[in-house]
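In what follows, a structure is listed as structure tokens, so that the remarks can point back to it.
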Amino acid sequence: MSQTSTVFQKLRVAVVESLEREGMRMKDSLFKVCFKKLFAVCHPFALDVIGQGSTSKNMEKIATAHVKQVIDFERRRAQKARK
102 MSQTSTVFQK LRVAVVESLE REGMRMKDSL FKVCFKKLFA VCHPFALDVI GQGSTSKNME
162 KIATAHVKQV IDFERRRAQK ARK
């Protein structure tokens, strides 16, 4: 596995775990869009923490720092779309 794919996999795990900690399950209608948005937000930060201690833990902190904002934004956006 290349370093890039390892980084992507670790970030995917961190994003899924932070969404699930906030009650967003894979079966939820907003999971996929929240996953994509949170991954996109975290990716640049994740690249900056490679080689600075535990990459997985740092990615978890990054995802946790942004997860509520992403979920709230996507829920509001979905509500507006229904109106």
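In my numbering, the protein residues as written are 102 to 184. Heads up, the beta-carbon is just placed ideally off N, CA and C, and yes, glycines get one too.
{"Asked": "Lys184 - DSSP class collapsed to helix/strand/coil", "Found": "coil"}
{"Asked": "Coil, strand or helix - Ile172 by DSSP", "Found": "helix"}
{"Asked": "DSSP-derived helix/strand/coil call for Lys137", "Found": "helix"}
{"Asked": "Own chain partners of Ile163 with C-beta closer than 8 Å, once the 5 adjacent residues on each side are dropped", "Found": "Ala115, Cys143, Phe146, Ala147, Val150"}
{"Asked": "Spatial neighbours of Val134 in its chain, beta-carbon cut-off 6 Å, leaving aside the 5 residues before and after", "Found": "Glu175"}
{"Asked": "Inter-residue spacing [alpha-carbon to alpha-carbon] between Glu123 and Ser103", "Found": "31 Å"}
{"Asked": "Assigned secondary structure, Leu112 (DSSP; H/G/I helix, E/B strand, else coil)", "Found": "helix"}
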